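Structure first, commentary second.
Protein chains: 2
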Amino acid sequence: MRTGDSTKERILDNAERLFAERGFDGTSLRAITSAAGVNLAAVNYHFRSKNDLIQEVFSRRLAPINARRLALLDACENEAGNGVVSVERVVRAFVEPLLRPEGIAPAGRLPLQTLLGRMYAEPGRNVRKIFLGEMKEVARRFRDAFQRALPEVPPNEILWRLHFTIGAMAHTLAASWIIEMLSGGLCDTSDANGKIERLVAFAVAGIESPLPLRAHGRRARPSRPPGPRRALAKREDL
Amino acid sequence: MRTGDSTKERILDNAERLFAERGFDGTSLRAITSAAGVNLAAVNYHFRSKNDLIQEVFSRRLAPINARRLALLDACENEAGNGVVSVERVVRAFVEPLLRPEGIAPAGRLPLQTLLGRMYAEPGRNVRKIFLGEMKEVARRFRDAFQRALPEVPPNEILWRLHFTIGAMAHTLAASWIIEMLSGGLCDTSDANGKIERLVAFAVAGIESPLPLRAHGRRARPSRPPGPRRALAKREDL
DNA sequence: GTATGTATTAAACAAACGTATGAATAAAAC
DNA sequence: GTTTTATTCATACGTTTGTTTAATACATAC
């Protein structure tokens, strides 16, 4: 427990860490306050309830991260002028503030990342309300940016690919223990730059992939010769 | 609550549903038993404890799903003989048993999918132990299959891309509420076939994407002209 | 000094939690 | 039939939960 900060900050820091380790329902207020070295009632004094504490833990980090996302996107678009911003640059603006939150959260092994990655799969109206409030504008801006970069792709397909990208990112944030276990030390999860480069390459390829010929029909022929796809197919629905 | 099945099955069905809706720590045994219409003590009688119930809820579904995954992969490899199985077919064998678990879980809106998708981001030794036990062989088999399809890609990169694919899949399973909210009804999340086709296309493109020229160096030039990638680059590390 | 508003503390609250017990009931074996 | 085994039941146990209360300490203002 750190002792230099205020009571409020000590509660937030330890709540963030413990929520990431044990989940929300798995972390009691007593565990948080004793780890922070403050009195139990301090939580209900500085925050109204446990729900409000959860909300504050999220928005404290999410707000500056989303601000940086939008700032990076703005910079890309201003630099491009009337030209298009590449998919790769849009993906980077979306991914980097989360994968490398310098200046926002303390460095090192970041409980914030585990927590944010887990947020997507967390049940309960509480977390979902927070998410929608903080993410609505970000999602809209990046959807538009991808749409401008890929004008031939229909809007719903853009959203699906953004969805998959968020999934790959969230998984990288929250579940890096899986690849550590399965790879047996072959994959270095502490290398933030390597993670970002790999994730960006994967997501860009997926977002730029050609449209299936019949998105809503029966499944495509299961055996297609491998190799790089050639071009975007024309859509026939919507 | 269904009344036709045995007590054990009624507990498992309702536990699966409630765990998906509220999480493990957020679901009490009393909520499960009252929803199932059985006595509270039935849980500790048929299963040893809540932890064992969680384990049983998972393995009941995960075992046949993984069996089907391996069966599909076996079928692909037998059919191919000495030839290579395409990345797309391997991805399908990995993804389809989860996205369309016909014959394994009851049809309709599947709590199983939400639960399995959330499993990846769930903390606690309990879930992780279950996961590793059930998934170790599956991960090994599919890693080898991808490696055979893409011999130029180094093993750790294969694992990273499998990791991202799992992330996109898990997100599609557990967090479809996000794309429903953000798209405002534009994306049909009830169309299982459409989900599978889009996910497969995205993952195949990501897995087959060219290697970055310097995987461990500083970040690549942020502005690269858009358009489809050309070929796999030669790796220079490992 | 006294007053005033803020922050911390120990203690208690009712409610809900997972688990255990022993009696009652149903089913099966003999 | 009786005995034995498997299952269900109401009930209770000891903890732990989030929240509240009333008292105390500590500032700064007057």
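Here the protein sequences line up with chains G and W, keeping their order. The numbering used here numbers the first residue of the first sequence as 1 and each following residue consecutively. The numbering used here numbers the first residue of the second sequence as 239 and each following residue consecutively. Idealized CB from N, CA, C, for every residue including glycine. Computed from a predicted model, the values in this text were never measured in an experiment.
Query, Result
"Supposed close pair ALA201 of chain G, PRO450 of chain W - CB separation, criterion 8 Å", "5 Å"
"DSSP-derived helix/strand/coil call for TYR283 of chain W", "helix"
"SER287 of chain W at chain G interface by Cβ criterion, 8 Å", "no"
"Members of the segment 127–154 of chain G near chain W, C-beta cut-off 9 Å", "ARG128, PHE131, LEU132, MET135, LYS136, ALA139, ARG140, ARG143, ALA149, LEU150"
"Collapsed DSSP secondary structure at ILE104 of chain G in the structure displayed", "coil"
"C-alpha distance - ARG10 of chain G paired with ALA343 of chain W, whole-angstrom precision", "45 Å"
"Whether MET169 of chain G touches VAL87 of chain G by CB criterion (8 Å)", "no"
"Neighbour flag for PRO212 of chain G against chain W, beta carbons, 8 Å", "yes"
"The segment 17–35 of chain G: positions lying closer than 7 Å to chain W by Cβ", "GLU21, ARG22, GLY23, ASP25, GLY26"
"With 16 other Cβ atoms within 10 Å as the buried cut-off, status of LEU40 of chain G", "exposed"
"8 Å Cβ cutoff met for LEU62 of chain G and ARG141 of chain G", "no"
"CB-CB length for LEU72 of chain G against LEU424 of chain W, believed under 8 Å", "Not a contact, Cβ separation roughly 26 Å."
"Option in W:MET419, W:GLY264, W:ILE434, W:ALA269 with minimal Cα separation from ARG128 of chain G", "W:MET419"
"Run of the alpha helix (DSSP H) containing ASN394 of chain W, from where it starts to where it stops", "393–412"
"Buried or exposed (CB count within 10 angstroms, at least 16 for buried), GLY133 of chain G", "exposed"
"Contact list for LEU116 of chain G against chain W, beta-carbon separation under 7 Å", "The premise fails here: LEU116 of chain G is roughly 11 Å from chain W at the closest Cβ pair, so nothing lies under 7 Å."
"7 Å Cβ shell around VAL138 of chain G - same chain, five flanking residues per side excluded", "ASN66, ARG69, LEU70"
"Rounded C-alpha distance that separates PRO123 of chain G from LYS374 of chain W", "27 Å"
"Length of the line joining the Cα atoms of PHE146 of chain G and GLY103 of chain G", "27 Å"
"Alpha helix (DSSP H) segments (min. 4 residues) lying fully within the segment 246–317 of chain W", "267–274, 279–284"
"Distance between beta carbons of ILE434 of chain W and LEU427 of chain W, contact taken as under 8 Å", "It should be pointed out that residue 427 of chain W corresponds to Thr in this sequence rather than to Leu. Not a contact, Cβ separation roughly 12 Å."
"Residue range of the alpha helix (DSSP H) that includes GLY371 of chain W", "363–387"
"Whether LEU115 of chain G touches LEU98 of chain G by CB criterion (8 Å)", "no"
"Spatial neighbours of ARG386 of chain W in its chain, beta-carbon cut-off 8 Å, leaving aside the 5 residues before and after", "VAL322, VAL323"
"Among W:TRP415, W:ASN316, W:ALA359, W:GLY275, nearest to TRP177 of chain G - alpha-carbon criterion", "W:ALA359"
"Beta-carbon spacing of THR271 of chain W, ALA280 of chain W below 8 Å", "yes"
"Sequence-distant residues of its chain with Cβ nearer than 7 Å to ALA192 of chain G (five each side left out)", "LEU99, ARG100"
"Chain G contacts from the segment 419–437 of chain W (Cβ-Cβ distance under 9 Å)", "MET419, LEU420, SER421, LEU424, CYS425, ASP426, ASP429, ASN431, GLY432, LYS433, ILE434, GLU435, ARG436, LEU437"
"GLY432 of chain W - containing alpha helix (DSSP H), residue span", "430–445"
"Run of the alpha helix (DSSP H) containing PRO335 of chain W, from where it starts to where it stops", "325–337"
"Presumed contact (8 Å Cβ cut-off) between LYS290 of chain W and GLY26 of chain G, rounded CB distance", "The residue asked about is misnamed: residue 290 of chain W is Asp in this sequence, not Lys. 18 Å between Cβ atoms; not a contact."
"With 16 other Cβ atoms within 10 Å as the buried cut-off, status of ARG363 of chain W", "exposed"
"Cβ of LEU350 of chain W within 8 Å of any chain G Cβ", "no"
"Reduced DSSP secondary structure (H/G/I, E/B, other) of GLU418 of chain W", "helix"
"Minimum Cβ-Cβ distance from HIS46 of chain G to chain W less than 8 Å", "no"
"Helix, strand or coil at THR352 of chain W according to DSSP, with G and I counted as helix", "helix"
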